[in-house]
Structure formats: C-alpha cells, structure tokens
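Student: Okay, here's the structure, questions in a sec.
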Amino acid sequence: ESREAILEVAEAIKSVLVDELGFNNVVLRGGAWKPRTSPYSFQGHGEKALVWLREAGDAVGLPVATEVMDPRDVKVASEYADLLWVGARNMQNTPLLRELAKIENPVLLKRHFGATITEWLCAAEYLLAEGKENVGLVERGTRGINEYARFTLDITVVPLIKELSRLPIIVDVSHPAGKRSLVPSLAKAALAAGAHGVMVEVHSNPQQALSDKNQQLDPQDFKSLVQELKRMNLV
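Per our numbering: the sequence shown = residues 7 to 241.
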C-alpha cells in the first residue's frame, strides 16, 4: 500500500520469525496487482509496488513473493520477486501458466474456490509438462454454505495432495477465515494436517488496510500465533 507500510511489516516479520524464533524458511509476500471483485476497489500500485517489495526484502534479508495475473507481467515480476504465485481466480489461466513455466522462479498455484482437486492438479500440469519442477500448491478455501466465514477451508486436501502428488502443499489461512479471530485455529488445523507451511496476512495497522483488513493480524497477534504454534510443535 506504501513503501513505509511494507518496510514496517518486513521488519516486524523478521524480528519475530528470524531474530526471536530462528526460522530460516520465511518468505515476505505482497501484492503489486490486486485481483478485486469490484473494479472500483483498490487495484494495487503495479510495478512501483514491486520496487518497494524488493527493497523491503533486501533490507531485512528475506526472499519476497508476489501474485501475477497477466502473462505480460511475468517477466517484470520475476525480475523483482524471488517467488511468484497464481491467485485462485487465475488457476486455469493457461496462457499465464505457460508463461510462468518459462521462468526459473518457483511458482505457487492457488486452488480456485470452485475447483475440484483433479482440476487443480491438471492446472499444475500446465507448469510441470513444460519441465518446471519448482511448483507448489496453495489451498485457500472453497465456496460453501458457511455464511460466518469468508470461505470454507477444505482441510482434507492436505493429506490428499500428499497422497496424490509430490508437490508441496501450503495453506492460506487468512482468506477462508475472513476475520482475524479464526486465523489461529485454521493455522493449527492446517499444520496438524501436515501442510508444509501456511500463508498469513500481516499488517502493521489492519484497520487502515486498503484490502482484506478484517482477516489481517497485527504484528503482536502474529507473534503470539507463531509462539503458540511452536509450543504445540507444529512449526
């Protein structure tokens, strides 16, 4: 949202995960292009945000990741970010997948909220069939009848993917929650089910966030969550 905001979050993440808890598998993520339901919502800052993200990652010594939606943006995104991900809405965007297969950066593929596991794995094959090996999957919830959460986290896909595929499986616990009070429980469930990692949204002041403010944790809540996960031997 701003250069200052991403730097502040990056410093908080490094302080908690690296300096205090000693983790070495942390990735700082941030969106340059935002996939929004409404065209009138904040759409992101584009390439300018990639500069900020790269600067923040370099400042704290963390690799950075960003979402790419348009095949024409793959090249520039790959020059700034260490890792790219495909959002749920673009899971079956085959021109985008084919373009991503050409780059060396690792790629994460989010499951569409209406996609079957077979459809998800077939989408991943568009990357794998081109010889790309550094591919991971991200579960982020399905569209169900639960009106109290944003999406329904399909926890069964974690062990299923580990049975059906050699690809690592990560769980985005912020999007299905839709509100921050649910994030800790979903993170525990995902890791207990065997997920290789979790994706958590953090903001220095969630109430001022320009998107998804209700599901974001502030740095102190994030620290408490990670400490609890460590006490439970889940990380």
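Idealized CB from N, CA, C, for every residue including glycine. Computed from a predicted model, the values in this text were never measured in an experiment.
Are the stretch 146-153 and the stretch 213-228 in contact at 8 angstroms, needing three or more beta carbon pairs?
Tutor: Judged by Cβ distances under 8 angstroms, the stretch 146-153 makes no contact with the stretch 213-228, as fewer than three pairs qualify.
Student: Tell me which residue opens and which closes the beta strand (DSSP E) that residue 176 is part of.
Tutor: From DSSP, the beta strand (DSSP E) with residue 176 extends over 175-178.
Student: Quick check on residue 133: does DSSP put it in helix, strand or coil?
Tutor: DSSP places residue 133 in helix when its eight states are reduced to three.
Student: Taking DSSP as the reference, what is the three-state secondary structure of residue 5?
Tutor: This structure gives no information on residue 5, because the portion of the chain shown stretches from 7 to 241.
Student: Pick out whichever of 117, 220, 47, 120 has its Cα sitting closest to the Cα of residue 187.
Tutor: For the residues 117, 220, 47, 120, the minimum Cα distance to residue 187 belongs to 220.
Student: With respect to the beta strand (DSSP E) encompassing residue 72, which residues constitute its N-terminal and C-terminal limits?
Tutor: Per DSSP, residue 72 belongs to the beta strand (DSSP E) from 70-73.
Student: Counting Cβ pairs, one atom from each stretch, are 3 or more of them under 8 angstroms apart for the stretch 11-23 and the stretch 173-191?
Tutor: No, the stretch 11-23 does not touch the stretch 173-191.
Student: Nearest by alpha-carbon distance to residue 118: which of 45, 229, 69, 148 is it?
Tutor: If we check each option's Cα against that of residue 118, 148 comes out closest.
Student: So what's residue 122 in DSSP terms, helix, strand or just coil?
Tutor: Coil at residue 122, not helix or strand.
Student: Does residue 219 come out as helix, strand or coil in the three-state DSSP assignment?
Tutor: DSSP places residue 219 in helix when its eight states are reduced to three.
Student: Count the other CB atoms within 10 Å of the CB of residue 38; is the residue buried (16 or more) or exposed (fewer)?
Tutor: When all chains shown are included, residue 38 counts as buried.
Student: Do residue 91 and residue 59 count as a contact pair if the criterion is CB distance below 8 angstroms?
Tutor: No.
Student: Within 10 angstroms of its Cβ, does residue 73 collect 16 or more other Cβ (buried), or is it exposed?
Tutor: Buried.
Student: Thinking just about the alpha-carbon of each residue, which of 222, 169, 210, 23 is nearest to the one in residue 199?
Tutor: Taking only the C-alpha atoms, the option nearest residue 199 is 169.
Student: Identify every run of the beta strand (DSSP E) within the stretch 12-89, keeping only runs that are complete inside it and at least 3 residues long; order them along the chain.
Tutor: Runs of the beta strand (DSSP E) inside the stretch 12-89: 70-73.
Student: Quick one: is the Cβ of residue 185 within less than 7 angstroms of any heavy atom of the ligand PLP?
Tutor: Summarising the ligand content, the structure contains no ligands, and the ligand PLP is consequently not present.
Student: Less than 8 angstroms between the C-beta atoms of residue 63 and residue 70, yes or no?
Tutor: A contact, by the Cβ cut-off of 8 angstroms.
Student: By the three-class DSSP mapping on this structure, what secondary structure does residue 145 have?
Tutor: If DSSP states are grouped into helix, strand and coil, residue 145 belongs with the strands.
Student: If you draw a straight line from the C-alpha of residue 231 to the C-alpha of residue 105, how long is it?
Tutor: Each residue's Cα considered, the two are about 37 angstroms apart.
Student: I'd like the list of long-range same chain contacts for residue 6, defined as Cβ closer than 8 angstroms, with 5 residues on each side in sequence excluded.
Tutor: Examination of residue 6 is not possible in this model, given that the chain is present from 7 through 241 alone.
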